[in-house]
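Asker: Residue numbers (the numbering used here): 533 to 650. Just so you know, even glycine gets a beta-carbon here, dropped at the ideal spot from N, CA and C. Mind having a look at this structure? Questions to follow.
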Amino acid sequence: MPIYEYRCAACKRRTSVFVRSVSSPVRAKCEHCGGTKMTRLLSRFAIQRGPGDFGDPGDIDENDPQAVARWARQMKDEMGEDLGPEFDDMVGRIEAGEDPEAVMGGEGLGDEGGDDDF
């Protein structure tokens, strides 16, 4: 069930049209001005990735906090998730060379304390 995008010749705005199947005829109508002279556009598309597609963390030197921070930022960007300004701030500070323990306040680093199973 594709969604096609069209540009209206009259108002030059973009309209998305849901089509039940690829073989269905498309009667595109501008949702902004009602125009029917539409030009189909090439749309961006998304590719679902599996959990193993985000790079191999085994290639990263776990003793280099800056490399780990760069990898974390890359994963966030590839996933398209907004993890908030706190994440960006912490990763940026670690990439700049600050001590990860000081940046994160000792949370989430190392094996000491906590009952986390992961």
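Could you name the residues of the same chain whose beta carbon sits closer than 6 Å to that of residue 605, not counting the 5 residues immediately before and after it, in chain order?
Answerer: Only 623 meet the Cβ criterion.
Asker: Leaving out the 5 sequence neighbours to the left and right, which residues in its chain are closer than 6 Å to residue 598 when beta-carbon positions are compared?
Answerer: Answer for residue 598: 627, listed in chain order.
Asker: Classify residue 535 as helix, strand or coil using the three-state DSSP reduction.
Answerer: It is a strand residue.
Asker: Ignore the nearest five residues each way along the sequence and tell me which others in residue 542's own chain have a CB closer than 8 Å to its CB.
Answerer: Around residue 542: 562, 565, 567 and 569.
Asker: DSSP three-state label for residue 558, please.
Answerer: Residue 558 falls in the coil class under three-state DSSP.
Asker: Pull up the distance between the alpha-carbon of residue 601 and that of residue 546, whole angstroms please.
Answerer: Spanning the two alpha carbons is a distance of roughly 39 Å.
Asker: For the alpha helix (DSSP H) containing residue 605, name the first residue and the last one.
Answerer: Segment 597-611, the alpha helix (DSSP H) holding residue 605.
Asker: What does the alpha-carbon distance come out to for the pair residue 537 and residue 594?
Answerer: Rounded to the nearest angstrom, the two C-alpha atoms are 45 Å apart.
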